[in-house]
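Here the structure is laid out as structure tokens; the discussion comes afterwards.
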Amino acid sequence: MSHPTRRDALTVFGATASAAIAATLARDTGLVAAFGQDAATAPRAPTFPRGAVIRTLLKDLPPQALAGGPVLFHEHLSMHYPPQVKEHFTDDVAMMIDEVRAAGKDGIACIVDGGHPDMTRSLEALKRITTESGVPIVASGGYYMQRTYPPELAAKSADQIAGELAREAAAQRLGAFGEIGQQGGVLTDDEKKVFQAVAKAHARTGLPIFTHNAYTGTRPTATPVPHDAALRQLDVLEAAGAKPEHIAIGHVCCLDDPKAEVAQQLAKRGVFVGFDRVTIPIVPDAERVVMIMAMAEAGYADHVLISSDFASAASLKKNGGAGIGQASTFFGPMLLKAGMSEAMLHRILVDNPRRFLAFVPK
3 MSHPTRRDAL TVFGATASAA IAATLARDTG LVAAFGQDAA TAPRAPTFPR
53 GAVIRTLLKD LPPQALAGGP VLFHEHLSMH YPPQVKEHFT DDVAMMIDEV
103 RAAGKDGIAC IVDGGHPDMT RSLEALKRIT TESGVPIVAS GGYYMQRTYP
153 PELAAKSADQ IAGELAREAA AQRLGAFGEI GQQGGVLTDD EKKVFQAVAK
203 AHARTGLPIF THNAYTGTRP TATPVPHDAA LRQLDVLEAA GAKPEHIAIG
253 HVCCLDDPKA EVAQQLAKRG VFVGFDRVTI PIVPDAERVV MIMAMAEAGY
303 ADHVLISSDF ASAASLKKNG GAGIGQASTF FGPMLLKAGM SEAMLHRILV
353 DNPRRFLAFV PK
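Following our numbering, the numbering of the sequence shown begins with 3 at its first residue and continues without gaps.
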């Protein structure tokens, strides 16, 4: 698997880069300059419901408090996956603090951790990381996929699971449900039940939901994943009571769909569309750029979310990688080079994830 390095980030523009952006990259601070808010060029601020907050581990924040930089809606800062892994690089909490602090210096305003207990995510580790790095972190709840479920889940109803998830969210200051996934092309009975439970827990709490799809790009698989798997996930969530504006259907960037037809169908139904595996070469990043530009041209830029599903030691800055902020510092410049305006990129990286995460507590 190939991962971008900081050298890649400095050369991704080529000769056509503007002097201002090239200078920003040369300082190795990501797109900080692109998100500078002077009165003449600042994009129009999004609006939020009265009383809306983004729930981070340490405190509830008004969405406006995170307007200064990109918000990464799906990364991993603490996990053990696959479950049989005895050691994981995120076990080194001091190192993760350094990496998250570096992301903050790259301009990242907030990071959503997409793990939960069945991925062996440590809330204590996340609390230490956010406290010592100074970067706000949103923790998530739920269940990942069939192979990670605890045995006792099979005997529980969707309503029972929903109640447990809602109580856990309140007790642990969780700010989202995610990543909620399926391991194959079709939801198993238990996976469908979990999707229903998460939708019901969302209805009780208001918390947003982000999902995991099993799309494999052009890679051959024993069991092909249906093109419309993402739409089927949405069907289940909506039928169980989830509101589209609080749903992000994930990993759509891993579908070989250059015209972004499925992504546009999702956006038309009102949900956010997750391009949340950028830099992971299941589909070339260049094709993902084409997909996002197609979304923008169709009028769906406000439905695009970008993140990298950070979970590889090769991406660490200490190992020469682009770091946790790679969705902004590495992939963002590719969109600018393709012709996207800085104002639109700001909407996608800064405004859209805040709109997705903001909710009115119940």
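We treat Cβ as the ideally placed atom computed from N, Cα and C, and that holds for glycine.
Check: Buried or exposed: which applies to Ile350, given that a residue is buried once 16 or more other Cβ atoms fall within 10 Å of its Cβ?
Finding: buried
Item checked: Buried or exposed by the 16-neighbour rule on C-beta atoms within 10 Å, applied to Leu268 -> buried
Notebook entry, point to check: What does a CB cutoff of less than 7 Å around Val285 pick up in its chain, not counting 5 residues either side in sequence?
Noted result: Gly219, Cys255, Cys256 and Asp258
Check: Where does Gly165 fall in DSSP's three states?
Finding: helix
Item checked: Residue span of the beta strand (DSSP E) that contains His214, given as start and end -> Ile211 to His214
Check: To the nearest whole angstrom, what separates the beta carbons of Ser343 and Ile110, a pair I think is in contact under 8 Å?
Finding: Rounded, the Cβ-Cβ distance is 21 Å, inconsistent with contact.
Check: In chain order, what residues of the same chain have a beta carbon less than 7 Å from the beta carbon of Pro355, not counting five sequence neighbours either side?
Finding: Val73, Phe75 and Leu307
Notebook entry, point to check: Residues in its own chain within less than 6 Å of Phe50 by CB, not counting five upstream and five downstream?
Noted result: Pro65 and Ala360
Check: Which parts of the region 253-325 are runs of the beta strand (DSSP E), unbroken and 3 residues or longer, counting only runs that do not cross its ends?
Finding: 274-277 and 306-308
Margin query: Which residue marks the beginning of the beta strand (DSSP E) containing His77, and which one marks its end?
Written below: According to the sequence as given, residue 77 is Glu; it is not His. From DSSP, the beta strand (DSSP E) with Glu77 extends over Val73 to Glu77.
Margin query: Within the continuous beta strand (DSSP E) that includes Phe333, where are the two ends?
Written below: Neither: Phe333 is in no beta strand (DSSP E) and is coded neither H nor E.
Margin query: Does Thr58 pass the burial test, meaning 16 or more other C-beta atoms within 10 Å, or should it be called exposed?
Written below: buried
Note to self: Please tell me whether Met147 and His78 are closer than 8 Å, where the distance is taken between their beta carbons.
What the structure shows: no
Margin query: Classify Pro335: buried if its beta carbon has 16 or more other beta carbons within 10 angstroms, exposed otherwise.
Written below: buried
Notebook entry, point to check: Helix or strand or just coil, what does DSSP make of Leu63?
Noted result: strand
Item checked: Selection from Lys195, Thr150 and Val200 that minimises the alpha carbon distance to Ala171 -> Val200
Check: Could you give the distance in angstroms between the alpha-carbon of Pro363 and the alpha-carbon of Ala141?
Finding: 16 Å
Next item on the list: Work out the CA separation of Arg175 and Asp100 for me, nearest whole Å.
Entry: 24 Å
Item checked: With 16 other Cβ atoms within 10 Å as the buried cut-off, status of Lys61 -> exposed
Notebook entry, point to check: Under a three-way DSSP split, which group does Ile110 fall into?
Noted result: coil
Check: Cβ of Pro48 within 8 Å of Cβ of Asp353?
Finding: yes
Next item on the list: Output yes or no for whether 8 Å exceeds the beta carbon distance between Phe333 and Val292.
Entry: no
Notebook entry, point to check: Does DSSP put Ala173 in a helix, in a strand, or in coil?
Noted result: helix
Notebook entry, point to check: Which parts of the region 228-255 are runs of the beta strand (DSSP E), unbroken and 3 residues or longer, counting only runs that do not cross its ends?
Noted result: 249-251
Margin query: In this structure, how does DSSP classify Glu154 when only helix, strand and coil are distinguished?
Written below: helix
Next item on the list: Would you tell me roughly how many angstroms separate the C-alpha atoms of Ala69 and Arg357, rounded to the nearest one?
Entry: 11 Å
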